[in-house]
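**Student:** Below is one structure. I have some questions about it.
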Amino acid sequence: MNNNYLRSFGLLLGAGLVAGSALAEQGDAGRGLLAAATCTACHQADGSGLHVENGESWPRLAGLDAAYIVKQLHDFKEGRRQSATMMPFANMLDDQQVLDVAAYYSQLEVTPGQGGDKADEALLARGEQLANRGDWDGYIVSCKSCHGPGGTGVGSDFPGIASQHAGYIQAQLQAWKDEERSNDPQNLMGSIAKRLSDDDIQAVSAWYARQNASQAEGE
Ligand code: HEC
Ligand code: HEC
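Listed below in structure tokens is the structure:
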């Protein structure tokens, strides 16, 4: 891949056509590959991460929005998002490297979510309901209304959650519920997670892990 070409292309377009991705354009995916050398131990060489049953799952980074990745890395560095595992690795990166690894991972092809295969039909049906329609009795708005049709994400603010690992989705929902993750604007996720039961969390996590984000299916 010719990164210089991609960069000048980005600079040309950056003048006006590609609005809203100014941050991502400053990252260099080629340099990002080098800066990501220490990340592969957990996030894997293809950015797929890993679902770890009953353990700490490592999220898929491949295909996530670059500006979203940048925000998360700064949130870890500045303690707005707590993770004893991630903090030292985020701290290793300077501001330019943050942009570079974000450019790199955002360009990788989305890999399948893991950990949803053991869910039974009833659990998946509940997951699908929460994802696509919400639950008005429980004042739970559908995930789709922010994370987009098929859960593939909307812009840089609403990350893709389809094809993410069940263990990771579950851990994040639990963290919001327990007020251990609070880095989202207006505590949007915190107020939703608080209304989800443990079964709901398991259901919606398994369902999204099984959705194929690269096909953008679902409704
Ligand atoms: C020892 C394992 C490990 C290593 C090495 C590691 N990470 Fe992580 N990473 C994690 C875990 C675990 C999480 C989830 C943290 C949480 O629960 O909030 C995570 C989360 C992230 C996220 C947030 C993803 C999202 O969807 O919000 C980003 C971005 C990230 N890591 C980037 C990196 C980069 C870049 C590196 C290398 C410089 C790296 N990680 C190295 C384990 C690791
Ligand atoms: C009102 C808007 C809104 C709704 C509805 C919503 N989310 Fe979110 N969600 C967000 C925002 C914003 C973020 C990004 C927070 C940040 O910047 O760290 C997020 C992040 C997440 C993440 C973390 C992704 C990652 O890579 O770390 C998960 C998992 C998640 N949401 C799951 C859900 C599920 C499941 C539902 C439905 C039950 C849902 N969300 C409904 C706004 C929403």
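In this text, residue positions in the sequence shown follow the working numbering: the first is 2, and each later residue adds one.
C-beta: ideal position from N, C-alpha, C; glycine also.
Here the structure is a predicted model, which means the values were calculated and not measured.
(1) Counting only runs that start and end within the stretch 142–199, where is the alpha helix (DSSP H) found for 4 or more residues in a row?
(2) Classify Arg82 as helix, strand or coil using the three-state DSSP reduction.
(3) Within 10 Å of its beta-carbon, does Met87 have 16 or more other beta-carbons around it, so buried, or fewer, so exposed?
(4) Considering Cα atoms alone, identify which of Lys145, Asp199, Asn133 and Trp177 is closest to Ser84.
(5) Indicate the three-state DSSP secondary structure (helix, strand or coil) for Asp136 in the structure shown.
(6) Please confirm whether any heavy atom of ligand 2 lies closer than 8 Å to the CB of Ala126.
(7) Determine the closest residue to Gly89 out of Asp101, His75 and Gln97, with distance taken between C-alpha atoms.
(8) So which of Val205, Leu189, Gly48 and Ala36 has the shortest CA-CA distance to Gly129?
(9) What do you get for Tyr209, buried or exposed, if any count of 16 or more other CB atoms within 10 angstroms of its CB means buried?
(10) Could you work out which residue in Glu54, His52 and Ala37 is closest to Ala46 when comparing CA atoms only?
(11) Answer with buried or exposed for Ala42, where buried requires no fewer than 16 other C-beta atoms within 10 angstroms of its C-beta.
(12) Measuring straight from C-alpha to C-alpha, what distance separates Arg127 and Cys144?
**Tutor:** According to the data block:
(1) 145–148, 167–178 and 189–194
(2) Within the sequence shown, numbered from 1, the residue matching residue 82 stands at position 81. Arg82: strand per DSSP, three-state reduction.
(3) Here residue 87 refers to the residue found at position 86 when the sequence shown is read from its first residue. Result: buried.
(4) As a position in the sequence shown, residue 84 is number 83, starting the count at 1. Closest by alpha carbon: Trp177.
(5) Counting from one through the sequence shown, the residue named residue 136 turns up at place 135. Asp136 falls in the strand class under three-state DSSP.
(6) Your numbering for residue 126 matches position 125 in the sequence shown. No.
(7) In the sequence shown, the residue the question calls residue 89 occupies position 88. A small fix is needed here, since residue 89 is Pro in this sequence, not Gly. Taking only the C-alpha atoms, the option nearest Pro89 is His75.
(8) Stepping through the sequence shown from its first residue, residue 129 is reached at position 128. The sequence given here places Glu at residue 129; Gly does not occur at that position. It is Val205 whose Cα lies nearest to the Cα of Glu129.
(9) Here residue 209 refers to the residue found at position 208 of the sequence shown. The residue is buried, with at least 16 neighbouring Cβ atoms inside 10 Å.
(10) For the purposes of this step, residue 46 is identified with residue 45 of the sequence shown, where counting begins at 1. When only C-alpha atoms are compared, the closest one is Ala37.
(11) As a working note, residue 42 is residue 41 in the sequence shown. Ala42 is exposed by the Cβ-count criterion.
(12) Walking along the sequence shown from the start, residue 127 turns up at place 126. Walking along the sequence shown from the start, residue 144 turns up at place 143. Going from the Cα of Arg127 to the Cα of Cys144 covers about 13 Å.
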